[in-house]
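Structure record follows, encoded as structure tokens.
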Amino acid sequence: VVVDEADRMADMGFLPQVEWILRNVESDHQTLLFSATLDGVVNTLIKRYQTDPSMHEVVSEEVTVEQMTHRFVAVHKMDKAKVAASIAKSAERTIMFTRTKAMADRLARELEELDVKAAPIHGDLRQSSREKSLKDFSDGKLHTLVATDVAARGIHVDDVDVVIQYDPPSDHKTYLHRAGRTARAGESGLVVTLSLWDEELEIKRLQKRIDCVMPIVEMFSNDARLADLTEWDPADA
870 VVVDEADRMA DMGFLPQVEW ILRNVESDHQ TLLFSATLDG VVNTLIKRYQ
920 TDPSMHEVVS EEVTVEQMTH RFVAVHKMDK AKVAASIAKS AERTIMFTRT
970 KAMADRLARE LEELDVKAAP IHGDLRQSSR EKSLKDFSDG KLHTLVATDV
1020 AARGIHVDDV DVVIQYDPPS DHKTYLHRAG RTARAGESGL VVTLSLWDEE
1070 LEIKRLQKRI DCVMPIVEMF SNDARLADLT EWDPADA
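To get my numbering, take the position in the sequence shown, counting from 1, and add 869.
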């Protein structure tokens, strides 16, 4: 039995189904569990359903909050896609994150209408389509990928200039996973989180969890600062 992306399945509410499968397999079997983290409910799965488990860890270079520049921008709903497009136009490679596959498709279409070469990447797309988008992104033919959190785990592209959290992440771990797509191999990177007026408290809680507290600055799509968000200090806004 292979349980892949165990932590994501738990986050998405599929833990009861996973446990049902593990309870109903033959006793003489081997269980392989893959996960980005081994804490919380994933650790419970290990203790409950694995006997004398052996752990194999792939160590990768840890990306920390301090290695990248962070900006938190308050936007208006009708102007949100235009703000994202303005930021993307100033960068060579941008990855935008949405919470749903439908939103990824919709945002990619809106960005194309705003003259940003973009494509969605998520689990409902054909493998060939995802691979083409990734290749075009790596080759510079495509400037922006619009991804869901699950699909983004298959994205391994260096020199990503900007990560835009178009939809705020569900928790601080997701924020860090998303942010880790930039500032790789010692390079600099920019992480921009967009939020609506009713998401302000959620963003402030997130900032505390990642130890990155700073002002949330309101901007419109015609704001000149969007051309280079690293050149101004949010504290001066």
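Even glycine gets a Cβ: it sits at the ideal position worked out from N, Cα and C.
Bridge partners - glutamate 1087, DSSP secondary structure assignment:
Ala943
By Cβ distance, which residues of its chain are closer than 6 Å to alanine 960, with the 5 residues on each side in sequence left out?
Asp1030, Val1031
What whole-angstrom Cβ distance do isoleucine 1033 and threonine 1099 have, given they're in contact under 8 Å?
Isoleucine 1033 to threonine 1099, Cβ: 14 Å. No contact.
Beta-carbon proximity of aspartate 948 to serine 1090, cut-off 8 Å
yes
Determine the extent of the alpha helix (DSSP H) in which phenylalanine 903 is found, giving its start and end residues.
From DSSP, phenylalanine 903 is part of no alpha helix (DSSP H); its letter is neither H nor E.
Reduced DSSP secondary structure (H/G/I, E/B, other) of threonine 1062
In this structure, threonine 1062 counts as strand in the three-state DSSP scheme.
What do you reckon, is the C-beta of aspartate 1105 under 7 Å from a heavy atom of the ligand HEM?
Ligands displayed in this structure: none; no statement on the ligand HEM is therefore possible.
The segment 1034 to 1042 contacting the segment 1072 to 1085, beta-carbon criterion three pairs below 8 Å:
yes
Is DSSP giving leucine 1014 helix, strand or coil here?
strand
I'd like to check one pair, glutamate 1068 with proline 1037: are the Cβ atoms closer than 8 Å?
yes
For arginine 968, the nearest candidate out of Glu981, Ala957, Val952, Ile990 (CA to CA):
Ile990
Under DSSP, the beta strand (DSSP E) around alanine 988 begins and ends at which residues?
987 to 990
Check whether valine 1086 and alanine 953 have beta carbons under 8 Å apart:
no
Report the option in Tyr1035, Leu1011, Ala957, Ala905 whose CA atom is closest to the CA atom of histidine 945.
Tyr1035
So, for valine 870: in the same chain, excluding its five sequence neighbours on each side, which residues have a beta-carbon less than 8 Å away from its beta-carbon?
Ile890, Leu891, Val894, His898, Gln899, Thr900, Leu901
Looking only at C-alpha atoms, which of Gly1049, Thr1051, Asp984, Lys970 sits nearest to alanine 1020?
Lys970
Proximal residues to arginine 917 (C-beta, below 6 Å), its chain only, five neighbours per side dropped:
none
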